[in-house]
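Worksheet: one structure, shown below.
Protein chains in written order, with our numbering: chain A, 1 to 420; chain B, 421 to 799.
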């Protein structure tokens, strides 16, 4: 019999309180957009701790809440995951292992993997033994994910991969990757793709860190040269990669309403939260300023509306009342409202947004966060793409002209200097 | 509105939708512009028979809800009011009925019965505008003299005051805010009609000049109306928002259809990416309006601790983004969108007037800020 949500909640609460360290106030409330720059040693130590925590959570029977029991999960629902997300607030937890390892990667394995693939990898992910990453975006592609140039060529029982992927979070510390590659150049772009899985640390894969304008180096670019992948590590059908890919991107958009991912309620990684904006007001001594209170109210309003919107869309999709494409609605809202919150924090910080010291508390870094503001409207697909999806797929408006649509991908122009 | 209604809620909502379609079709709504009351008493009484005024009233007083959540059920009716741009004092009558059922005394029972039956309507003096610095100085004052309540001052705008038999008045007394149920025919009450942007609703300025009433007219305790007012404000905001969301849904659907039907430069408006992206924004705001008000309604019904902030988030968001949405609908229509002949303005009016009532978006952002500050202090 399935454990009901309330008894699961109590079980989770008891275990969390008995086993996990409560976070210090600065760990909860620090603005999260400008991730602290870590040395490689610090990064590895932090990750090792996260793997250890994940193993503890697994042993306690609380890992992989939405994954089926036969793969080491709990076989429970989004509501159970939501209960866990409420209980984990304020405690140390393995944040970096959740996405993309549990979802979209783990979720895609669950949807499309063979029985053998699932049994090999999903329990390892749930135990914190395998950290996964997404080899999806490419340097030439931008939002046009289906225009992937990384190629996979059949060689007996293997495939040989060549190309480059980019914007991979934490590739330097990951173990496995989910990779979209082109297997057929003679059909239109969506019909010539295939998805593979592969270990990151192997000859033929070079990982370079990318330094962002705020000094963060969590993103990477990978260069694949004659990387050999056995056919048994293919996910889904040959040339059927776009079916896998659309589901992959669906899981990515549903991250905050996913049965697979533990994210403390009220926090959104890579986002300036309303709580931290309250601290900016406090630390700059401007809480009583009527304009500042208006802005604080706006920031919290956007957060509350975003939460209720995610719940509405999540439930609507789960119940089959609205199409999965509606996930683009939450993506658009999250991007725009997050950018607005970064602006609000910057506004309240005043001159501390221009120059700051560590003594400025929450107001420090608001300038950097503002510089990075647009990441919320770019990462995981731009808001312009979300607007196209909403207008065309949700509202049924005419599609934009796509000259590459019915043309063999080989003949599609790929740059101004390479027009066919 | 909720994506998934129970079958009982669906039948309930549908009954009102069909009634409004036949009784107040859009052509009729437009003609109500010149009607002195904005609605016909028989229309209201028949609506009351469909349950419009009983959802916030306890079963022992003759009310009852469909799902157990009276306010959630009422939002389905309010949504239809918005969809049909329907007339009638839905907000004030329900706020007063809910208040009298929960906090009223024996003396108020006959009034409650007439509201339930739809044979009379009530007005509600919201009182001082939402004010985060404590309650502001404006509004009527009251005192007890010779065993009677004496009321002086002005309140405006008061919806349906000219049509109401009773007004629930908020006044400042020695000890704090106080609520009094005032029959509109009491000596010293004068009601001056005001002009309004709405076609079907009527607002008035109400003056109380030495109005004397027995102490039984008090609702709740003298000087202790803060909790009542908070409850009433939450009800009024959620019901008004649900109307606004219904109006937004209709304006959006109408404009989307227009974008498919209307051709410029040989192609439908719907094929221009610039417009498609604006429709995507509109759709996102619209879904967010539905989501946050549904969450607010459920939180008020459940007496959840986050009800206050959710209600204010809903009012602030729907007020700002809803107004932008419907004005953008006007823009996409072009010149026809600002004619009296076109239906769009009926929805624009509903959203516009509701934005200004019961606290502006800025007022409600201040309220949210106060919630945040109090939470910080407790932490």
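Note that the Cβ used here is the ideal one computed from N, Cα and C, for glycine as well.
Which of helix, strand or coil DSSP assigns to residue i
i	result
residue 185 of chain A	coil
residue 226 of chain A	strand
residue 472 of chain B	coil
residue 575 of chain B	strand
residue 133 of chain A	strand
residue 398 of chain A	coil
residue 369 of chain A	helix
residue 487 of chain B	coil
residue 781 of chain B	helix
residue 194 of chain A	strand
residue 278 of chain A	helix
residue 105 of chain A	helix
residue 205 of chain A	strand
residue 424 of chain B	coil
residue 34 of chain A	Any reading at residue 34 of chain A must be qualified, since the residue scores a pLDDT of 43, below 50, and its modelled position is unreliable; no value is offered.
residue 430 of chain B	helix
residue 24 of chain A	coil
Residues that residue i contacts on chain A, provided the C-beta gap is smaller than 7 Å
i	result
residue 802 of chain B	The structure shown has nothing for residue 802 of chain B, since chain B only spans 421 to 799.
residue 800 of chain B	Any question about residue 800 of chain B goes unanswered here, given that chain B covers just 421 to 799.
residue 788 of chain B	297, 300 and 301
residue 703 of chain B	329, 390, 394 and 395
Where residue i meets chain B, residues with beta-carbon distance less than 7 Å
i	result
residue 278 of chain A	792 and 796
residue 391 of chain A	696, 697, 699 and 700
residue 224 of chain A	Under the 7 Å cutoff, chain B gives no residues; its nearest Cβ is about 35 Å from residue 224 of chain A.
residue 400 of chain A	693
Residue interval of the beta strand (DSSP E) (run including residue i)
i	result
residue 775 of chain B	Where residue 775 of chain B is concerned, there is no enclosing beta strand (DSSP E), although the alpha helix (DSSP H) it sits in stretches over 764–776.
residue 168 of chain A	158–169
residue 377 of chain A	No beta strand (DSSP E) holds residue 377 of chain A; the alpha helix (DSSP H) holding it covers 375–378.
residue 610 of chain B	609–613
residue 597 of chain B	596–603
residue 153 of chain A	151–155
residue 562 of chain B	561–565
residue 318 of chain A	Taken as a continuous stretch (DSSP letters only), residue 318 of chain A belongs to no beta strand (DSSP E), being part of the alpha helix (DSSP H) at 290–318.
residue 505 of chain B	Note, residue 505 of chain B: premise wrong, no beta strand (DSSP E); not H, not E.
residue 543 of chain B	542–544
Residue span of the alpha helix (DSSP H) that contains residue i, given as start and end
i	result
residue 630 of chain B	No alpha helix (DSSP H) holds residue 630 of chain B; the beta strand (DSSP E) holding it covers 623–634.
residue 451 of chain B	446–451
residue 122 of chain A	115–126
residue 731 of chain B	727–737
residue 328 of chain A	327–349
residue 588 of chain B	Careful: residue 588 of chain B lies outside any alpha helix (DSSP H), inside the beta strand (DSSP E) at 586–593.
residue 383 of chain A	383–389
residue 12 of chain A	5–19
residue 752 of chain B	743–753
Contacts of residue i in chain B (Cβ-Cβ under 8 Å)
i	result
residue 250 of chain A	Within chain B, no residue comes near residue 250 of chain A; the closest Cβ sits about 17 Å away, beyond 8 Å.
residue 287 of chain A	793
residue 146 of chain A	Neighbours of residue 146 of chain A on chain B: none; closest Cβ ~19 Å, over 8 Å.
residue 332 of chain A	700, 701 and 704
residue 387 of chain A	696, 697, 700 and 701
Cross-chain neighbours of residue i in chain A, by beta carbon under 9 Å
i	result
residue 366 of chain B	Lying outside 421 to 799, the shown extent of chain B, residue 366 of chain B is not represented and no answer is given.
residue 652 of chain B	Here the premise fails: no neighbours, minimum Cβ distance about 21 Å.
Under 9 Å by beta carbon: chain B residues contacting residue i
i	result
residue 199 of chain A	Those within 9 Å of residue 199 of chain A in chain B number zero; the least Cβ separation is about 40 Å.
Closer than 8 Å at the beta carbon, the chain A residues around residue i
i	result
residue 685 of chain B	Result: empty, since nearest Cβ-Cβ is about 14 Å, beyond 8 Å.
residue 423 of chain B	312, 315, 316, 319, 321 and 322
residue 712 of chain B	304, 305, 308 and 309
residue 634 of chain B	In chain order: nothing, as chain A lies at least about 42 Å away.
residue 729 of chain B	300 and 304
heavy atom of the ligand ZN below 7 Å from residue i C-beta
i	result
residue 589 of chain B	This structure lacks the ligand ZN; in fact it carries no ligand of any kind.
Within the chosen definition, does the stretch 89–105 of chain A reach the stretch 248–260 of chain A through at least 3 CB pairs nearer than 8 Å?
yes
Okay, do the stretch 185–205 of chain A and the stretch 351–366 of chain A touch, 3+ Cβ pairs below 8 Å being the bar?
Output reads no: the stretch 351–366 of chain A does not touch the stretch 185–205 of chain A.
Spell out a yes or no on whether the stretch 409–418 of chain A and the stretch 486–504 of chain B are touching, meaning 3 or more CB-CB pairs, one atom from each, closer than 8 Å.
No, the stretch 409–418 of chain A is not in contact with the stretch 486–504 of chain B.
Please specify which runs of the beta strand (DSSP E), each continuous and at least 3 residues long, are wholly inside the stretch 212–265 of chain A, giving them in chain order.
219–230
May I ask you to verify whether the stretch 168–181 of chain A touches the stretch 212–222 of chain A, counting CB pairs closer than 8 Å and requiring at least 3?
They touch, by the three-pair rule.
Three or more C-beta pairs below 8 Å linking the stretch 695–706 of chain B and the stretch 377–389 of chain A
yes
Taking one C-beta from the stretch 658–677 of chain B and one from the stretch 766–778 of chain B each time, how about it: are there three or more such pairs within less than 8 Å?
yes
Tell me, please, whether the stretch 63–83 of chain A touches the stretch 3–17 of chain A by the rule of three or more beta-carbon pairs shorter than 8 Å.
yes
The stretch 711–720 of chain B touching the stretch 649–662 of chain B, judged by at least three CB pairs closer than 8 Å
yes
Segments of 4+ residues assigned as alpha helix (DSSP H) that fall wholly inside the stretch 657–730 of chain B:
Taken in chain order, the complete alpha helix (DSSP H) segments of 4 or more residues contained in the stretch 657–730 of chain B are 693–721.
Do the stretch 729–736 of chain B and the stretch 303–316 of chain A meet, that is, are 3 or more Cβ pairs less than 8 Å apart?
yes
Do the stretch 151–158 of chain A and the stretch 203–212 of chain A make contact, defined as three or more Cβ pairs closer than 8 Å?
no
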